[in-house]
Every structure is written in C-alpha cells, then in structure tokens.
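Participant: For the protein sequence lines, the chains are R and S, in the order given. The first sequence begins at 50 in the numbering used here and counts up by one. The second sequence begins at 50 in the numbering used here and counts up by one. Don't be surprised by glycine CBs; every beta carbon is placed ideally from N, CA and C. Right, I'll just put the structure down here and ask away after.
2 protein chains.
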Amino acid sequence: MTAIIDPDDPWSGTAAGPRRILVAALAAFADRGYHGASTRDIAAAAGMSPAAVYAHHRTKADLLFAISAAGHRHVLAVCERAPAAETTPIARVRSLVHDYAAWHARHHLLARVVQYELRSLLPEHRAVVVELRSRTEELFREEVRAGVDAGVFHTTDADETTLAILSLGIDVSRWYTPGGTRTPVGIGRTHAELALTLLGTDHPASPPS
Amino acid sequence: MTAIIDPDDPWSGTAAGPRRILVAALAAFADRGYHGASTRDIAAAAGMSPAAVYAHHRTKADLLFAISAAGHRHVLAVCERAPAAETTPIARVRSLVHDYAAWHARHHLLARVVQYELRSLLPEHRAVVVELRSRTEELFREEVRAGVDAGVFHTTDADETTLAILSLGIDVSRWYTPGGTRTPVGIGRTHAELALTLLGTDHPASPPS
Chain R
50 MTAIIDPDDP WSGTAAGPRR ILVAALAAFA DRGYHGASTR DIAAAAGMSP
100 AAVYAHHRTK ADLLFAISAA GHRHVLAVCE RAPAAETTPI ARVRSLVHDY
150 AAWHARHHLL ARVVQYELRS LLPEHRAVVV ELRSRTEELF REEVRAGVDA
200 GVFHTTDADE TTLAILSLGI DVSRWYTPGG TRTPVGIGRT HAELALTLLG
250 TDHPASPPS
Chain S
50 MTAIIDPDDP WSGTAAGPRR ILVAALAAFA DRGYHGASTR DIAAAAGMSP
100 AAVYAHHRTK ADLLFAISAA GHRHVLAVCE RAPAAETTPI ARVRSLVHDY
150 AAWHARHHLL ARVVQYELRS LLPEHRAVVV ELRSRTEELF REEVRAGVDA
200 GVFHTTDADE TTLAILSLGI DVSRWYTPGG TRTPVGIGRT HAELALTLLG
250 TDHPASPPS
C-alpha cells in the first residue's frame, strides 16, 4: 500500500495475463454494471477461456473485489503523494483536490466501479474497501483542518465542505467523456479553485504548481 | 409537463397496476442496474406475470424509458416550482438548490436510475431525456445569471459553478441512505449554503424560508 505507484497505471506490477483479465472485467463492469456483466463475457473480451479466468479469480465477486481494491489503493496513493511537495495549506489542498479530481477523469471507468459498485461487494470485501476509503477521506480532512487551524480557511462547517469537495471529485466519473472539451488537468484545476472557494479563502487564481 | 405535480409522488396520476410495475422495475434497476435486472424478476416483484408487464411495456428498454422520463419530468417540475415564491436572487437560488438536492435524497432510487442509467437508454429515448435535462440545467443557469447581473453573485465562472452545484445535488443519490443522520431537508439546507458560498455571496446563514 505504500509501494511506489505509477499515477497512470492502476495495475502496475501486474503480469500481462492477469492484467488482461482485470482490464476486460473493468470494461464490462463499467459498461453494464457488475450484475449485468457475465464472467463468460469477460473471458471472451480478455481472449481467454472461462476456466483461465477462474484460475485467477474463483468468482465474479472476487474479480470485483480485485478491481475495487486496486482502484481504491491507487487513488489513495495518488492522494498521499499529491500534497507532498507543497508547504502552505492552500497549495497542499489545491494539489490534493487537483489530483483527486483528475484521477476520476483519467481513470473514469475504474472510478465508476470504485464509486458506484460498493453495494455489489461482499460484506468482507466491502470492509476492506471502506477502510481504504476512510484513509483517503482522512487525508482531505487533515489538510482542511490544517488550513482552518492556520487561519487561512474560513469555512463554517469543515466536515460538510470536505464531503462536498470529495463529492464533486467522485461525480466527475459519472459525466466525464474522453476527447471532450474538458481534460483531466483542466478539471483538476477547476476543482482546486472550487474547493478553495468552498473553504473560504481569498486565494490567488493561479494554477497548481 | 406543466401539469400539477405532487412533489412526493413521481407517479401521481398513474393507475395502481401500472404503478406497481414501475415501482418494481425502479427497485430492480436501482439495486442491480438496468442490465442486471430481468423483466421476469420485475414481474415477480410486481406480483404479475411477465405477459402482464409486456402488456404495458413491450420491452425492458421501454420500461427504463418510462421510469427515466417520469423521473426527469418530476425533478424538472420540482425545480420549476421551487423559486416561484421568492423574489431576490439569493432566496431564489437557495430554494432551487434546496429542492433539487432534497429531491435526490427523497427519491434516491429514482434519482439513481435518472442519473446513472443514461447510457443504457436507446438513442431515441435518450434524446427525449437529454432535452428534459437541459431544461432543468437552464433553470439553474437563469437564476445564477440573474444574481450575477444583479451584482449579488461574485463568481468568476458562472458556468462551472452552476455545473458544480448540479453535480453536488446529483451525487446525493449515490451516498444517501434513508434513516441515517442526514435528512432530505437537512441536505437541502446544506447544499443551499454550499451553492451560495460557491457563488461568492455574503449571505446571511439562515435556513430557506
């Protein structure tokens, strides 16, 4: 979980065969939903037999968990790294919000499964994922708290504001379409500005460094 | 579409039998996704034969369209009515955002189908629904524009801010759980305050009238 991550590749370190299964399953879940995608379709899309898929993931539920956990770990790692190079609360929040929103655009199919298939996970799988989610949320809470404590954020309700910032980022995966007028980086910049406005700071309207 | 609507009942005016089908289909689509729900399951949940369901809706696609269109018309009607009793830009936006966010909590299953099954609609159905969506969005744009023109909103990007306000409301249907600590009215109030903060107005922090 603290491994070096590739911000562009949620499957880094995964061998070619298993990766092909994950990518095919992700596409199927994002397109038809977990309950609408069959293991047989996934195997066909991966160019494998169902037996080859079952050799890696005993059930469709295991496959969903593998994808959801990898996605949750990836966005957590991206968020852990985002503010590291910054020192002021405004720059740190800007970088964190930027990378979180951009992740939901850049990896919008994975983000959809991460964000909209929570209820489809088995309870024991959901427990693992919920723990990863709360660590990501806590990163945002800490940065907001630091800014409030430093007197640079003037929000009257830090918790609600933090949830709203996360909510805006998550919703990107619903509407984002690659190749449209809005790019992941552009969305990241917009969200960073929206977050600073919500936090009540008179920030200079410059892009993240 | 300009008919009198019941804000609590998206199916008002629908007879008991057809209503039972719509409610059963909505529950199935919200729970398992459009592609994961079968017409047979829906008929069983409605206490009917598949033939009885087909007598009302020839295909599952027709059923999705009936639900999506009814939901889109309902939220549009709620939004058309929301600001009508208010005269100032701040009070009008507060009322509009309040009712939009509260709708996504109160009717969270319907909202999920409305917001997350757009891609599952047939193209000719999607066209109808997209037109209803753009009318709802236009209501928000008009109110924001009126406040900017009146000099009470100080947002530097009215379009992005409007999309963010809509986005926050939509995302309620993802996380809202009935019986939790957050109520539709409480969520409505919070969203109204968040929207006014995003719009850059020094509003008095009072609940909507």
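Please list, in chain order, the chain S residues whose beta carbon lies closer than 9 angstroms to that of Thr226/R.
Facilitator: None at all; the shortest Cβ gap to chain S is about 10 angstroms.
Participant: Alpha carbon to alpha carbon, how far is Leu171/R from Ala115/R? Give it in angstroms, no decimals.
Facilitator: 12 angstroms
Participant: Among Ala126/S, His105/S, Leu248/S, Tyr103/S, which has the Cα closest to the Cα of Gly200/S?
Facilitator: Leu248/S
Participant: Using a Cβ-Cβ distance cut-off of 9 angstroms, determine whether Ser183/S contacts chain R.
Facilitator: no
Participant: Please check if any C-beta of chain S sits within less than 9 angstroms of the C-beta of Ile219/R.
Facilitator: Under the Cβ distance rule, Ile219/R counts among the residues neighbouring chain S, one pair being separated by less than 9 angstroms.
Participant: Anything in chain R within Cβ reach of Leu243/S, meaning under 8 angstroms, just list it in chain order.
Facilitator: Glu209, Thr210, Ala213, Leu247
Participant: Using a Cβ cut-off of 7 angstroms, pull out every chain S residue sitting near Thr239/R, in sequence order please.
Facilitator: Glu209
Participant: In three-state DSSP terms, what is Asp206/R?
Facilitator: Coil.
Participant: What residue range is occupied by the uninterrupted alpha helix (DSSP H) comprising Thr250/S?
Facilitator: Run containing Thr250/S: none; DSSP gives neither H nor E here.
Participant: Strictly by DSSP, which residues pair up with Asp58/R?
Facilitator: Asp55/R
Participant: Name the chain S residues whose beta carbon is nearer than 8 angstroms to that of Tyr165/R?
Facilitator: Simply Tyr165, Arg223.
Participant: Quick one: Cα of Ile54/S to Cα of Arg107/R, how far?
Facilitator: 50 angstroms
Participant: Taking Cβ to Cβ, would you say Arg231/R is nearer than 9 angstroms to Asp220/S?
Facilitator: no
Participant: Ser61/S touches chain R at which residues, Cβ-Cβ below 8 angstroms?
Facilitator: Here the premise fails: no neighbours, minimum Cβ distance about 28 angstroms.
Participant: Counting Cβ pairs closer than 8 angstroms, one from the region 234-243 of chain S and one from the region 160-178 of chain S, do we hit at least three?
Facilitator: no
Participant: For the alpha helix (DSSP H) containing Thr185/R, list its first residue and its last residue.
Facilitator: 172-198
Participant: Please state if the CB of Leu158/S and the CB of Ala64/S are separated by a distance shorter than 9 angstroms.
Facilitator: no
Participant: Excluding five sequence neighbours on each side, which residues of the same chain lie with their C-beta closer than 7 angstroms to the C-beta of Ala154/S?
Facilitator: Val221, Tyr225, Pro233, Ile236
Participant: Under DSSP, the alpha helix (DSSP H) around Thr108/S begins and ends at which residues?
Facilitator: Where Thr108/S is concerned, there is no enclosing alpha helix (DSSP H), given that its DSSP letter is neither H nor E.
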